[in-house]
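> Sharing a structure here in structure tokens format.
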Amino acid sequence: MASTPRTTPRTPPVTVRASAKVNLALGVGPRSEDGFHPLATVFEAVGIHDVITAGPRDDGAITVTVEGAQADLVPTDETNLACRAAELMRSRWAGPHLGADIHIVKSIPVAGGMAGGSADAAGALLACSVLWDIDTGPGDLHDLAAELGSDVPFALIGGVALGRGRGDRLVPVIFRGTHHWVFATAEEGLSTPGVYRRFDELGGGAGDLVPTALIAALTRGDIDAVAGGLGNDLQDAALDLRPELAGVLEAGIEAGAMAGLISGSGPTVAFLVGGEAIGRSVAKSLRGLPRVSAVKLARGPAQGAQLMAGTLEA
Ligand code: ATP
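Heads up: the sequence shown begins at 1 in the UniProt record's numbering, then just goes up one per residue.
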């Protein structure tokens, strides 16, 4: 049973940290009648984080402000996924008088195939549920998350998980060890629906088969087998739309990465590397490339959306 939602003028802001993701495997089946493609994907949350803060308002308004290098690419109206998340939570669980000032500090590449908007939506769900004192459980949050987008449920739980259906039906995967990643981002994003369209035009991929060998490798902590099991059915479509990304993939491998792949629908290129030192050296080679706008090092698996220390203090 939910408690009565409330805020007072003294309700402190609530801050949540939410992680980016990379798809270690992305198996895509043929487009079905509802327009969606069935997926069998293995998500890994990685340590590139957006920080989402929700502050109290009692006039019913929900506002969004964004800061960070790519802030100008993120909408601040009701189309922002964090705003949609807050609206959805309020419509289901709270009264129209409740509002929130949502502030996002953005580090996850925008339109980069790393589910940054989904991370912000998951963060806003969690932050608003605490701000408005709504007693939601994990199942309630998951259902709201799935309504907002296919990648939002994973952003709540983090770690490593197998996603089926649209990627929203999740089973956690046991993993051993830490993965070191290098991500090369592009200045201009790729539209996810556009990549799926090209995927269809190119004749589809290997299908939505569960990558059992990869899952076994994750559980054993066998990094070589993890590297060998990485795969993305959307990669050919993303490379077709952005041929220059093939050169980025080659450069990372030449510089010593164990494996490279397009992250989700791209255009971010993800490289699994054997450790931090080689990661720095791969990053250095990639930074020189003309089409690479930024290079980030990160570890995975990371946690899902989490309240940050001190946010529950009165
Ligand atoms: P997808 O989950 O579709 O693969 P992505 O990770 O490639 O997405 P996002 O960073 O989520 O890309 O952004 C996709 C688009 O969503 C952006 O171009 C932007 O216009 C819009 N958007 C809405 N809300 C947000 C948000 N909070 N952060 C980033 N983009 C947002």
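Backbone N, C-alpha and C fix where the C-beta goes; we use that ideal spot for every residue, glycine too.
1) Helix, strand or coil for Lys106, going by three-state DSSP, please let me know.
2) Where Gly221 and Leu209 are concerned, what is the direct C-alpha to C-alpha distance, given to the nearest angstrom?
3) For Arg166, tell me which candidate among Gly158, Thr178 and Leu148 has the shortest Cα-Cα distance.
4) Check whether the Cβ atoms of Ala298 and Val248 sit closer than 8 angstroms, and answer yes or no.
5) By Cβ distance below 6 angstroms, which residues in the same chain neighbour Gly113 in space, the five residues on each side in sequence not counted?
6) For Gly60 and Ser91, what's the separation of their Cα atoms in angstroms?
7) What residues are listed by DSSP as bridge partners for Thr63?
8) Which residue or residues does DSSP assign as beta-bridge partners of Thr54?
9) Where does Val219 fall in DSSP's three states?
10) What runs of the beta strand (DSSP E), each 3 residues or longer, lie entirely inside the UniProt domain "GHMP kinase N-terminal" (80–159)?
11) Run the CB neighbour count on Ile174, radius 10 Å, all protein chains shown included, and call it buried at 16 or more, exposed below.
12) DSSP state of Ala45, grouped into three classes?
13) At the level of alpha carbons, what is the spacing between Thr11 and Ala54?
14) Run the proximity test for Asn80: is its beta-carbon closer than 7 angstroms to any non-hydrogen atom belonging to the ligand ATP?
15) Roughly how many angstroms lie between the CA atoms of Ser129 and Val14, to the nearest whole one?
16) Between the stretch 132–141 and the stretch 232–240, do three or more beta carbon pairs fall short of 8 angstroms?
17) Output yes or no for whether 8 angstroms exceeds the beta carbon distance between Gly159 and Ala45.
18) Going by beta carbon distance, what residues of the same chain come within less than 7 angstroms of Ala18, once the five residues before and after it are set aside?
19) Using a threshold of 8 angstroms, state whether the C-beta atoms of Gly256 and Val282 are closer than that.
20) Which residues does DSSP list as the beta-bridge partners of Arg169?
21) With 16 as the cutoff for other CB atoms within 10 Å, does Gly207 come out buried or exposed?
22) Between the C-alpha atoms of Ala146 and Pro96, what's the straight-line distance to the nearest angstrom?
23) Just tell me which of Ile102, Thr76 and Leu73 has its CA closest to the CA of Ala86.
24) Regarding Lys151 and the ligand ATP, is the C-beta to nearest heavy atom distance less than 7 angstroms?
25) Using only the alpha-carbon positions, how far apart do Leu307 and Gly203 sit?
26) Is the distance from the Cβ of Thr182 to the Cβ of Gly252 below 8 angstroms?
Looking at the coordinates:
1) Reading the sequence shown from its first residue, position 106 is the one you call residue 106. Three-state result, Lys106: coil.
2) To locate residue 221, count along the sequence shown from 1; it is residue 221. To locate residue 209, count along the sequence shown from 1; it is residue 209. Roughly 22 angstroms separates the two Cα atoms.
3) As a working mapping, residue 166 is identified with position 166 in the sequence shown. Among Gly158, Thr178 and Leu148, the Cα nearest to that of Arg166 is on Leu148.
4) By one-based count along the sequence shown, residue 298 stands at place 298. By one-based count along the sequence shown, residue 248 stands at place 248. Val248 is positioned such that its CB atom lies no closer than 8 angstroms to that of Ala298.
5) Taking the first residue of the sequence shown as position 1, residue 113 is located at position 113. Only Ser263, Gly264, Ser265, Gly266 and Thr268 meet the Cβ criterion.
6) As a working mapping, residue 60 is identified with position 60 in the sequence shown. As a working mapping, residue 91 is identified with position 91 in the sequence shown. Taking the straight line from one Cα to the other gives about 11 angstroms.
7) On the sequence shown, residue 63 is found 63 positions in, with the first residue counted as 1. Beta-bridge pairing links Thr63 to Asp101.
8) The residue given as residue 54 occupies position 54 in the sequence shown. Note that residue 54 is Ala in the sequence shown, not Thr. Answer by DSSP bridge pairing, in chain order: Val14 and Ile102.
9) Here residue 219 refers to the residue found at position 219 of the sequence shown. Strictly speaking, residue 219 in this sequence is Thr, with Val absent from that position. Three-state DSSP puts Thr219 in a helix.
10) 99–105
11) Counting from one through the sequence shown, the residue named residue 174 turns up at place 174. Ile174 should be labelled exposed.
12) Sequence index remark: in the sequence shown, residue 45 carries index 45 (1-based). Three-state result, Ala45: strand.
13) Counting from 1 along the sequence shown, the entry for residue 11 is found at position 11. Counting from 1 along the sequence shown, the entry for residue 54 is found at position 54. Cα to Cα, Thr11 sits roughly 11 angstroms from Ala54.
14) For the purposes of this step, residue 80 is identified with residue 80 of the sequence shown, where counting begins at 1. It does: the Cβ of Asn80 is within 7 angstroms (strictly closer) of some heavy atom of the ligand ATP.
15) Within the sequence shown, numbered from 1, the residue matching residue 129 stands at position 129. Within the sequence shown, numbered from 1, the residue matching residue 14 stands at position 14. Going by the C-alpha atoms only, they are around 9 angstroms apart.
16) no
17) Working through the sequence shown from its first residue, we reach residue 159 at position 159. Working through the sequence shown from its first residue, we reach residue 45 at position 45. Yes.
18) The count along the sequence shown starts at 1 and reaches residue 18 at position 18. Correct list, in chain order: His49, Asp50, Ile52, Ala119, Asp120, Ala122, Gly123, Ala155 and Ala305.
19) The residue you call residue 256 lines up with position 256 of the sequence shown. The residue you call residue 282 lines up with position 282 of the sequence shown. The answer is yes: Cβ separation under 8 angstroms.
20) As a position in the sequence shown, residue 169 is number 169, starting the count at 1. According to DSSP, Arg169 bridges with Arg164.
21) Taking the first residue of the sequence shown as 1, we reach residue 207 at position 207. When all chains shown are included, Gly207 counts as exposed.
22) Taking the sequence shown and counting its residues from 1, the one referred to as residue 146 is at position 146. Taking the sequence shown and counting its residues from 1, the one referred to as residue 96 is at position 96. Taking the straight line from one Cα to the other gives about 22 angstroms.
23) For the purposes of this step, residue 86 is identified with residue 86 of the sequence shown, where counting begins at 1. Out of Ile102, Thr76 and Leu73, Ile102 has the C-alpha closest to the C-alpha of Ala86.
24) As a position in the sequence shown, residue 151 is number 151, starting the count at 1. The residue asked about is misnamed: residue 151 is Asp in this sequence, not Lys. Yes, the ligand ATP has a heavy atom inside 7 angstroms of this Cβ.
25) Position 307 of the sequence shown, counting from 1, holds the residue named residue 307. Position 203 of the sequence shown, counting from 1, holds the residue named residue 203. Cα-Cα distance, rounded: 43 angstroms.
26) The count along the sequence shown starts at 1 and reaches residue 182 at position 182. The count along the sequence shown starts at 1 and reaches residue 252 at position 252. The question names Thr, but residue 182 is Val in the sequence shown. A contact, by the Cβ cut-off of 8 angstroms.
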